[in-house]
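Below: one structure, written as structure tokens.
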Amino acid sequence: MMIMTRYALLLLLAFASLQLLCFAADDDVVFYDSFEESFDGRWIVSDKDDYKGVWKHSKSEGHDDYGLLVSEMAKKYAIVKELDEAVNLKDGTTVLQFETRLQGGLECGGAYLKYLRPQDAGWKPTEFDNESPYSIMFGPDKCGATNKLHFILKHKNPKSGEYIEHHLKYPPSVPSDKLTHVYTAILKPDNEVSILIDGEEKKKASFLSAEDFEPPLIPSKTIPDPNDKKPEDWDERAKIPDPDAVKPEDWDEDAPMEIEDEEAVKPESWLDDEPEEIDDPEATKPEDWDDEEDGEWEAPKIENPKCEIAPGCGEWKRPMKRNPAYKGKWSPPLIDNPSYKGIWKPQEIPNPNYFELEKPDFDPIAAIGIEIWTMQDGILFDNILIAKNDKVAESYRETTWKPKFEVEKEKQKAEDEAADSARLAGFQRKVFDVLYKVADIPFLSKYKHQILDLIEHAETQPNLTIGVLVSIVVIILTIFFKLIFGGKKQPRVEKKPEVAKTSNGEGSSGEKAEEAEKEEAAAAPRRRRRDN
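Counting with mature numbering (1 follows the signal peptide of the UniProt record, and there is no 0), you get residues -24 to -1, 1 to 508 for the letters of the sequence shown.
And the structure:
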């Protein structure tokens, strides 16, 4: 019932999101591919020899939703989709969004997209490779210590004409699970970029800030003079050996670091004549051993068992100890260098490539490419979107990504709970096995049936395992304390006050007998009645 309710809510959410999507202006969606239809004829696979990875049109695991699949491990992949019209990134807001699902995990590889410049920049779709010029690279990358969501802008320096990669500093890390995730980059007209994972903003940066991109888009005003050279007499040594220092006369540079300990004495039971290793008495010469070809057979060595119980075997030698007279090689102490001028640096000159910038000079996007080298298969790309409105991107997330993610998350939760339950069941089985052994301990025989009842009760109700453990520990501790403190004590007999004498100075014989009976009754320990 709960599952049906959950699916109903997801359908309702999808319907509501679809309604929201219908109101989005078509002009705001520049490009969208859901991969419900095969990519053949629409996307172009690179013909370059290095890219042997096979792309497949495949369903996402557990869904009827299709995507573009990386199908083989340890391969290079390259595929590109030309846009009907180039996207101008300088006008208004631009949203880059796509989904990936790492169905086999991601130990080493990328799952990023390259937003390519027009082909007049010098590339062809059939020759698409890692050298093809892009404007923006965006997406997950993980290998070894690297775990980040790339955002790289290639920006042209108007002075030098050179394109330089500007990397987002401190990018967010990539989710490590096998669920579908959606990655969004929102380029805003105020020079800001927002990076979202699953609709949640993880990073905000300014294109013009030196704190957010490395190297910064706006270069420094000055640079070190490449023609400046350090003067020959420039002394960078802050400290120098004292030229007036003299080695002390008693300084012995030849004294060894360690010497024999003359006070050491050989242990009395040291076995001088016993070797540390002996031939293995149980070893036998192999039947197929040929002395002529294999040489004379020798038994393998084992540690001498006599040496294990003795302080040592073989020739005894005094141990070494640190030499108190050791000082090592003498060197003069260091003093401040009177000629020290500091660490030399070339002088700064005006940067010939410096320029000022009010807005990034983005190159247009003419194609979308995926060019990766990955050690894993099962990477699925889906719902690639370029839009001019972040609300449109949000509606696509709600419609295409969120319903899938919720289903996957619930499935993952159920699998995790089942795994935890299996681990707990295995632990409880081991606990019960130990408890059955505890019940067989002789000094617990009197309580064996009680312990077995507790164990059997816990096996039918595993959540009582801890309580059963506590109960059995209490039983054992009770017996333990009885054994230590519960021995029979000799009853203490208090002396009775003397009986009043009769007139003749003695009590009657009847009174004495009665007194004796009372004392005997008081002295005898009471026994607990035991029912048969």
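C-beta: ideal position from N, C-alpha, C; glycine also.
Can you tell me whether Glu370 is helix, strand or coil according to DSSP? By 1-based counting over the sequence shown, the position of residue 370 is 394. If DSSP states are grouped into helix, strand and coil, Glu370 belongs with the helices.
What three-state label does DSSP hand Ile417 in the structure shown? Here residue 417 is taken as the residue at index 441 of the sequence shown, counted from 1. For Ile417, the secondary structure class from DSSP, reduced to helix, strand or coil, is coil.
Out of Leu193, Glu168, Asp166 and Lys205, state which residue places its alpha-carbon closest to the alpha-carbon of Tyr330. Taking the first residue of the sequence shown as 1, we reach residue 330 at position 354. That would be Leu193, whose Cα lies nearest to the Cα of Tyr330.
Can Thr69 and Asp339 be called in contact, C-beta distance under 8 Å? Here residue 69 refers to the residue found at position 93 of the sequence shown. Here residue 339 refers to the residue found at position 363 of the sequence shown. No. Outside cutoff.
Given this structure, state the Cα-to-Cα distance separating Glu393 from Asp166, to the nearest angstrom. As a first step, residue 393 must be located in the sequence shown, where it is residue number 417. As a first step, residue 166 must be located in the sequence shown, where it is residue number 190. Each residue's CA atom was taken as its position, placing Glu393 and Asp166 some 46 Å apart.
Sub-8 Å separation of Pro276 and Asp249 beta-carbons: For this step, residue 276 is matched to residue 300 along the sequence shown. For this step, residue 249 is matched to residue 273 along the sequence shown. Taking 8 Å as the Cβ cut-off, Pro276 and Asp249 do not qualify as a contacting pair.
Please report the distance separating the alpha-carbon of Glu48 from that of Pro262. Position 72 of the sequence shown holds residue 48. Position 286 of the sequence shown holds residue 262. Their Cα atoms are separated by approximately 48 Å.
Can you tell me which of Ser36, Gly80 and Arg18 puts its alpha carbon nearest to the alpha carbon of Met351? Here residue 351 refers to the residue found at position 375 of the sequence shown. Met351 has its Cα closest to that of Gly80, out of Ser36, Gly80 and Arg18.
Between the Cα of Ser245 and the Cα atoms of Asp226, Cys283, Glu279 and Pro251, which residue gives the shortest distance? Taking the sequence shown and counting its residues from 1, the one referred to as residue 245 is at position 269. That would be Cys283, whose Cα lies nearest to the Cα of Ser245.
Integer-rounded CB distance, given that Glu75 should sit under 8 Å from Ala342: Indexing the sequence shown from 1 puts residue 342 at position 366. Indexing the sequence shown from 1 puts residue 75 at position 99. About 23 Å separates the two Cβ atoms, so there is no contact after all.
Give a yes or no on contact between the stretch 205 to 223 and the stretch 346 to 360, applying the rule of three or more CB pairs nearer than 8 Å. no
Beta-carbon separation of Pro94 and Ala62 under 8 Å? In the sequence shown, the residue the question calls residue 94 occupies position 118. In the sequence shown, the residue the question calls residue 62 occupies position 86. Yes, Cβ-Cβ distance for Pro94 and Ala62 is below 8 Å.
Less than 8 Å separating the beta-carbons of Ile171 and Leu125? For the purposes of this step, residue 171 is taken as residue 195 along the sequence shown, with counting starting at 1. For the purposes of this step, residue 125 is taken as residue 149 along the sequence shown, with counting starting at 1. A contact, by the Cβ cut-off of 8 Å.
Within 10 angstroms of the Cβ of Asp358, are there 16 or more other Cβ atoms? Answer buried if so, exposed if not. Taking the first residue of the sequence shown as position 1, residue 358 is located at position 382. Buried: at least 16 other Cβ atoms inside 10 Å.
By DSSP, does Val407 sit in helix, in strand, or in coil? Position 431 of the sequence shown, counted from the first residue, corresponds to residue 407. Correct three-state label for Val407: helix.
Once DSSP output is grouped into helix, strand and coil, what is the label at Ser397? As a first step, residue 397 is located in the sequence shown; it is residue number 421 there, counting from the start. Correct three-state label for Ser397: helix.
Could you check the C-alpha separation between Lys424 and Lys389 for me, to the nearest Å? As a working mapping, residue 424 is identified with position 448 in the sequence shown. As a working mapping, residue 389 is identified with position 413 in the sequence shown. If you take the alpha carbons of Lys424 and Lys389, they lie about 41 Å apart.
Which full runs of the beta strand (DSSP E) of 3+ residues lie inside the stretch 245 to 317, going along the chain? 253 to 255, 277 to 279, 296 to 298 and 310 to 312
Return yes when the Cβ of Glu258 is within less than 8 Å of the Cβ of Asn280, no when it is not. Position 304 of the sequence shown, counted from the start, is the residue given in the question as residue 280. Position 282 of the sequence shown, counted from the start, is the residue given in the question as residue 258. Their beta carbons are not under 8 Å apart, which means Asn280 does not touch Glu258 by this criterion.
Any idea if Ile427 is buried or exposed, counting beta-carbon neighbours within 10 angstroms, 16 or more meaning buried? Your numbering for residue 427 matches position 451 in the sequence shown. Buried, by the Cβ-count rule.
Are the beta-carbon atoms belonging to His33 and Ser14 less than 8 Å from one another? Here residue 33 refers to the residue found at position 57 of the sequence shown. Here residue 14 refers to the residue found at position 38 of the sequence shown. A contact, by the Cβ cut-off of 8 Å.
Give me the DSSP bridge partner(s) of Pro200. Taking the sequence shown and counting its residues from 1, one reaches residue 200 at position 224. Partner(s): Glu324.
Pick helix, strand or coil for Gly43, following the three-state DSSP scheme. As a working mapping, residue 43 is identified with position 67 in the sequence shown. The answer is strand: DSSP assigns Gly43 an E or B state.
Burial state of Pro336 (16 or more Cβ within 10 Å): The residue labelled residue 336 in the question sits at position 360 within the sequence shown. With 16 or more other Cβ atoms within 10 Å, it is buried.
According to DSSP, is Glu189 part of a helix, a strand, or is it coil? As a first step, residue 189 is located in the sequence shown; it is residue number 213 there, counting from the start. Just to set this straight, residue 189 is Phe in the shown sequence, not Glu. Phe189 falls in the strand class under three-state DSSP.
I need the DSSP call for Ala161, collapsed to helix, strand or coil. On the sequence shown, position 185 is the one that residue 161 refers to. Here Ala161 sits in strand by DSSP.
Give the single residue among Asn313, Leu155 and Met296 whose Cα lies nearest to the Cα of Lys215. Here residue 215 refers to the residue found at position 239 when the sequence shown is read from its first residue. It is Asn313 whose Cα lies nearest to the Cα of Lys215.
Given this structure, state the Cα-to-Cα distance separating Lys130 from Glu334, to the nearest angstrom. The sequence position of residue 130 within the sequence shown is 154, counting from 1. The sequence position of residue 334 within the sequence shown is 358, counting from 1. Cα to Cα, Lys130 sits roughly 17 Å from Glu334.
Among all the DSSP beta bridges, which residues are the ones paired with Thr454? What you label residue 454 is simply residue 478 of the sequence shown in a count that begins at 1. According to DSSP, residue pairing for Thr454 in a beta bridge does not occur.
Alpha-carbon to alpha-carbon, Asn123 and Glu384: In the sequence shown, the residue the question calls residue 384 occupies position 408. In the sequence shown, the residue the question calls residue 123 occupies position 147. Rounded to the nearest angstrom, the two C-alpha atoms are 23 Å apart.
Glu435 versus Val414 - alpha carbon distance: Within the sequence shown, the letter at position 459 stands for residue 435. Within the sequence shown, the letter at position 438 stands for residue 414. Distance between the alpha carbons of Glu435 and Val414 is about 16 Å.
Straight-line Cα distance separating Gly175 from Glu370: Translated into positions along the sequence shown, residue 370 becomes position 394. Translated into positions along the sequence shown, residue 175 becomes position 199. Whole-angstrom Cα-Cα distance: 7 Å.
Between the Cα of Asp228 and the Cα atoms of Asn203, Trp265, Leu247 and Lys303, which residue gives the shortest distance? Numbered from 1 along the sequence shown, position 252 holds the residue referred to as residue 228. That would be Lys303, whose Cα lies nearest to the Cα of Asp228.
Contact between the stretch 21 to 36 and the stretch 317 to 329 (3+ Cβ pairs under 8 Å): no
With a threshold of 16 other CB atoms inside 10 Å of the CB of Gln437, please say whether the residue is buried or exposed. Numbered from its first residue, the sequence shown carries residue 437 at position 461. Exposed is the call here.
Alpha-carbon spacing of Ser315 relative to Trp306, whole angstroms: In the sequence shown, residue 315 corresponds to position 339, counting from 1. In the sequence shown, residue 306 corresponds to position 330, counting from 1. For Ser315 and Trp306, the distance between alpha carbons rounds to 25 Å.
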